[in-house]
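Residue numbers (the numbering used here): 72 to 209. The beta-carbon is built from N, C-alpha and C at its ideal position, and this holds for glycine as well. Each remark here refers to the structure printed beneath this line.
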């Protein structure tokens, strides 16, 4: 899977939606934080948020994003948390406003994850889905 194309799509969309489950109830929330690093697209959530507990309990997720032209992306997989602090540091450098929430004073930590066993499909308005690798060539 072409991670640069996936990262570019998410950047152009601006806001994307992460779907998790809480027991048997789906939960959906808007996110915008992501970065491409070490051949992965890395996402972040706060360690004090319900979404983090949901991801730990059931790591199967789906991300949906839509560009202004109506083209949209479905990215599914299994969330795997990163243990190397370099990912959180890079995220905080890219989005310095997050340092107000995630710091030693608050005690909150930014938990970084990427998706494994994943599939990304780009879908045209009223069209069929195309794997991200093929969509990037168009």
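Check whether residue i and residue j have beta carbons under 8 angstroms apart
| i | j | result |
| --- | --- | --- |
| residue 146 | residue 186 | yes |
| residue 77 | residue 150 | no |
| residue 111 | residue 74 | yes |
| residue 95 | residue 125 | no |
| residue 102 | residue 114 | yes |
Chain-order list of residues whose beta-carbon lies under 6 angstroms from that of residue i (same chain, five-residue window excluded)
| i | result |
| --- | --- |
| residue 196 | 141 |
| residue 116 | 122, 123, 182 |
| residue 159 | 181, 183 |
Assigned secondary structure, residue i (DSSP; H/G/I helix, E/B strand, else coil)
| i | result |
| --- | --- |
| residue 109 | coil |
| residue 79 | helix |
| residue 90 | strand |
| residue 84 | helix |
Residues near residue i by beta carbon distance below 8 angstroms, same chain, minus five either side
| i | result |
| --- | --- |
| residue 163 | 169, 170, 173, 181 |
| residue 189 | 72, 146, 147, 148, 149 |
Beta-carbon contacts of residue i that lie in its chain and below 7 angstroms, excluding the five residues immediately before and after
| i | result |
| --- | --- |
| residue 161 | 106, 108 |
In chain order, which continuous runs of the alpha helix (DSSP H) of length 4 or greater are located wholly inside the stretch 114-171? 121-128, 157-165
Is the number of C-beta pairs between the stretch 128-135 and the stretch 83-96 that are closer than 8 angstroms three or more? yes
Enumerate, from N- to C-terminal direction, the unbroken beta strand (DSSP E) stretches of 3 or more residues contained entirely within the stretch 169-198. 181-194
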